[in-house]
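Enquirer: Counting from 1, position 320 in the sequence shown corresponds to residue 322 in the working numbering; the numbering is continuous, with no gaps.
I'd like to ask some things about the structure below.
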Amino acid sequence: MENNRNFFITIALSVLILTLWQVFYMNPRMEQQREQARIEQQRAEAQKKEAGGANPTGAATSATPQGIPNTPGADGSAPANLQQALAATTRVKIDTPSLSGSINLTGARLDDLKLKHYTETVDKNSPQIQLLNPEPLSNGYFAEIGFVGDSNVGALPGPKTVWSVDGNATLSPSTPVTLTFTNDKGLVFKRTFSVDNDYMFTVSDTVQNTGSAAVSLFNYGRVARFDKPAVASTYVLHEGLIGVTGSEGLQEHKYAAIEKDKQVKPGKSTDGWLGITDKYWAVTLIPSEKQPFQPSYSYVDINNGLRHSYQSDFMTDAIAVGPGQSTTVETEIFAGAKEVNKVNAYAQDRNIRLFDRLIDWGWFIWITKPMFYLIDTLYKFFGNFGLAILATTVIVKAIFFPLANRSYASMANMKKVQPKMLEIREKYADDKMKQQQAMMELYKTEKINPLAGCWPVALQIPVFFSLYKVLYITIEMRHAPFFGWIHDLAAPDPTSVFNLFGLLPFAPPAFLPHLGAWAVVMGITMFLQMRMNPAPPDPTQAAVFTWMPVIFTFMMGSFPAGLVIYWAWNNLLSILQQGVIMKRQGAKIELWDNLAAMFRKKPSPAE
């Protein structure tokens, strides 16, 4: 039985270490590289010349299998930067409490949008996040609404349509903007843009038929982008094409998957949404529920493969407009930060099905979502996410206290009977079967669960994962400061042990592992926690327990600082809890003896 206990403990620790290494060590490093690549790409975009490069636009007559037009043809040149791209077209200014930018009157596109409350780095003076960019740029990203139909209806609003502005030329929450376009068949299109204080646009299209014949139109909408994250997303987080439509429900297509599939067309739907999501930002379309629509996710080659786009789009069923009649179609566009409370409010107030899944809570949403709400509620009380994480740890400890109490009590009882266990080993050293039987009888007599010590560690794994997920996916944790040198709880500790945490005036080489101050604190607390127990008699098990704090210290160095702080604080609380329980049970606390033994001279074999 003792061998089984050691076996299970070793397996549990091995699985824990491998899981943490694969899921938590590599992903933060990849995310750090991704953020750096994005910043460098944006800086390079403002400096380099793109003229003479790959043709950035598609053919005017080309069409996707749905009949939605692709991007307009190229004129042989490309703007060098964002400012030149914006100056090349007539625009309507956007100015809201959360957004700034402009609407391109060519195509009536949302293709210039900045997020006022978010910057690229923790430095408040760094550039604001540029969410949408004009199509000619290499990182073009836009949302577009339009119409298609047969040749009998004449020219319809699409990518090349130049709209006129009626009256007000600045879109704000209090001042909608109306655009007009009249085609050669007597169809008058009036498009009204309105926006709330946050990230939701409403596009209301009214089609008036002043001609003598009935017409049939198809309304479409699409979100298209011409680049993707510099580093591929991991399985912990979805980035790419996303939507909730029809009976299929949530659809997620990573960039690599859609490149392979080319196009995915779920069944028709009468409600839902679709678009493209990044880690913290998203652009989605919410079609009108008045008309059934066909959703689609596609990877489109343009100019014979010189350029490509990723596109989420929809097309409604035919809309009939008789002579002298008019009809109105309304589409909503979400373009902004995936703030949890605001996304949830949109889902509830506007009755958007499963819109909260825009945030990737994962399969364990029943853990991760409550964990966020607990931390967010405590943040509103403390005013600091770091303090909220510390308070969350205390609450979680309190919830699991009864189980932990029983586990530690069982461990304390095992310490008290260790002399009897050693006697059994010596007595039946040559008969493992009788040794196991005697151990089982001892456990039964003393009412000891030999696996009880694994429960405190096992219980921490789902809590640890849910906290990691919350830190990793929620924008509320992005750039959230703690105290001292921690300015971003979602990023690794910026200090390094290799320059004495900033005391030496040099940056450690990149090949050295990242090991910040909080990781060292975490390692020390983990070491002290494990020294609360007597040294395991089994050499293999003893080696695992000796080296595990060291391994975890180096692994945790690249984790989000908030997670490392949680783990260190959790270790400290566990030390206090275990000490109180062991004292109550009358078991000896081995901490001081174990620490003293480390500095005591060991006798030589000859002695």
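From the three backbone atoms N, C-alpha and C, an ideal C-beta is built for every residue, glycine too.
This structure is a prediction, so every number in the text was calculated from the model and none was measured.
Can you list, in chain order, the residues of its chain with a C-beta nearer than 7 Å to that of PHE1? Leave out the 5 residues immediately preceding and following it.
Expert: A question about residue 1 goes unanswered here, because the residues of the chain that appear run from 3 up to 609.
Enquirer: Does the separation of the CB atoms of LEU243 and ILE278 fall below 7 Å?
Expert: It is a contact, given that the beta carbons lie within the stated cut-off.
Enquirer: With THR497 and ALA519 assumed to form a contact (beta carbons below 8 Å), what rounded beta-carbon distance in angstroms separates them?
Expert: Confirmed, about 5 Å.
Enquirer: Please specify which runs of the beta strand (DSSP E), each continuous and at least 3 residues long, are wholly inside the region 115 to 186, giving them in chain order.
Expert: Taking only runs of at least 3 residues, the beta strand (DSSP E) segments lying wholly in the region 115 to 186 are 130 to 134, 143 to 150, 166 to 168 and 179 to 184.
Enquirer: My output table needs one value for GLU425: the three-state DSSP class, helix, strand or coil.
Expert: Three-state DSSP puts GLU425 in a helix.
Enquirer: Mapping the DSSP letters down to three states, classify ASP198 as helix, strand or coil.
Expert: Three-state DSSP puts ASP198 in coil, outside helix and strand.
Enquirer: Under three-state DSSP, which class holds LEU517?
Expert: Coil.
Enquirer: Alpha carbon to alpha carbon, how far is TYR381 from THR92? Give it in angstroms, no decimals.
Expert: If I take the Cα positions, the gap works out to 44 Å.
Enquirer: Taking Cβ to Cβ, would you say SER328 is nearer than 7 Å to THR208?
Expert: Yes; because the gap between Cβ atoms is below 7 Å, this pair is in contact.
Enquirer: Apart from the five residues just before and just after SER128, which ones in its own chain have a Cβ nearer than 8 Å to its Cβ?
Expert: THR121 and GLU122.
Enquirer: Can you tell which of TRP571, SER104, MET532 and ALA337 has the C-alpha that lies nearest to the C-alpha of VAL523?
Expert: Selected option, being the one with the closest Cα: TRP571.
Enquirer: Compute the distance between the beta-carbons of VAL190 and LEU181, then report whether it is under 7 Å.
Expert: Contact: no.
Enquirer: According to DSSP, what are the bridge partners of GLN628?
Expert: Here the chain comprises residues numbered 3 to 609, so residue 628 is not present and cannot be evaluated.
Enquirer: Quick check on SER100: buried or exposed, where buried means 16 or more other Cβ atoms within 10 Å of its Cβ?
Expert: Per the 10 Å Cβ criterion, buried.
Enquirer: Straight-line CA distance for ARG309 to THR286?
Expert: Between ARG309 and THR286, the C-alpha separation is close to 23 Å.
Enquirer: Name the DSSP bridge partner or partners of ASP207?
Expert: The partner list for ASP207 (beta bridge, DSSP) reads ARG193 and VAL331.
Enquirer: According to DSSP, is GLY581 part of a helix, a strand, or is it coil?
Expert: DSSP places GLY581 in helix when its eight states are reduced to three.
Enquirer: Once the 5 residues before and after MET3 are set aside, which same chain residues still bring their CB inside 6 Å of it?
Expert: Any reading at MET3 is ruled out, since the residue's pLDDT is 41, under 50, leaving its predicted position unreliable.
Enquirer: Apart from the five residues on each side of it in sequence, which residues of its chain come closer than 6 Å, Cβ to Cβ, to GLY188?
Expert: Closer than 6 Å at the Cβ level, and outside the excluded window around GLY188, lie THR212 and GLY213.
Enquirer: Just the C-alpha distance for GLN420 and GLU478, rounded to the nearest angstrom, thanks.
Expert: Straight-line Cα distance between these residues: approximately 49 Å.
Enquirer: Keeping to the same chain, check which residues put their C-beta closer than 7 Å to that of ASN346; ignore five residues upstream and five downstream.
Expert: If we look at ASN346 and ignore the five residues flanking it on each side, its Cβ neighbours are ASP358.
Enquirer: Quick check: what's the CA-CA separation for THR330 versus LYS371?
Expert: Straight-line Cα distance between these residues: approximately 38 Å.
Enquirer: Using only alpha-carbon positions, find the residue among ARG408, PHE529 and VAL155 that is nearest to ALA322.
Expert: Here the closest residue by C-alpha is VAL155.
Enquirer: Return yes when the Cβ of LEU376 is within less than 7 Å of the Cβ of THR395, no when it is not.
Expert: Contact: no.
Enquirer: Could you check the C-alpha separation between ILE526 and PRO551 for me, to the nearest Å?
Expert: Rounded to the nearest angstrom, the two C-alpha atoms are 8 Å apart.
Enquirer: Quick one: what's got a C-beta closer than 8 Å to LEU88's C-beta in the same chain, skipping five residues either side?
Expert: Contacts found: SER104, ASP114 and PRO136.
Enquirer: Would you decide whether ARG227 is buried or exposed? Buried here means 16 or more other CB atoms lie within 10 Å of its CB.
Expert: Per the 10 Å Cβ criterion, buried.
Enquirer: The beta strand (DSSP E) with LEU251 in it runs from where to where?
Expert: The sequence shown places Gly at residue 251, rather than the Leu named in the question. From DSSP, the beta strand (DSSP E) with GLY251 extends over 251 to 256.
Enquirer: Work out the CA separation of VAL197 and ALA171 for me, nearest whole Å.
Expert: Using only the alpha carbons, I get a separation of about 14 Å.
Enquirer: Please report the distance separating the alpha-carbon of LYS281 from that of LYS292.
Expert: About 32 Å.
Enquirer: Closest to PRO71 by CA distance: which of TYR257, GLU428, VAL150 and GLY142 is it?
Expert: The shortest Cα separation from PRO71 among TYR257, GLU428, VAL150 and GLY142 belongs to VAL150.
Enquirer: Among TYR257, SER298, GLN265 and GLU261, which one has its Cα closest to the Cα of SER271?
Expert: Out of TYR257, SER298, GLN265 and GLU261, SER298 has the C-alpha closest to the C-alpha of SER271.
Enquirer: Under 6 Å Cβ to Cβ from THR184, same chain only, skipping five residues before and after it: list those, please.
Expert: Correct list, in chain order: VAL190.
Enquirer: Using CA coordinates, which residue listed in LEU405, ASP263, PHE561 and THR204 is at the minimum distance from ALA492?
Expert: That would be PHE561, whose Cα lies nearest to the Cα of ALA492.
Enquirer: So what does DSSP say about GLN437, is it helix, strand or coil?
Expert: Helix, per DSSP.
Enquirer: What residue does the beta strand (DSSP E) around LYS95 start on, and which one ends it?
Expert: Where LYS95 is concerned, the enclosing beta strand (DSSP E) stretches over 93 to 97.
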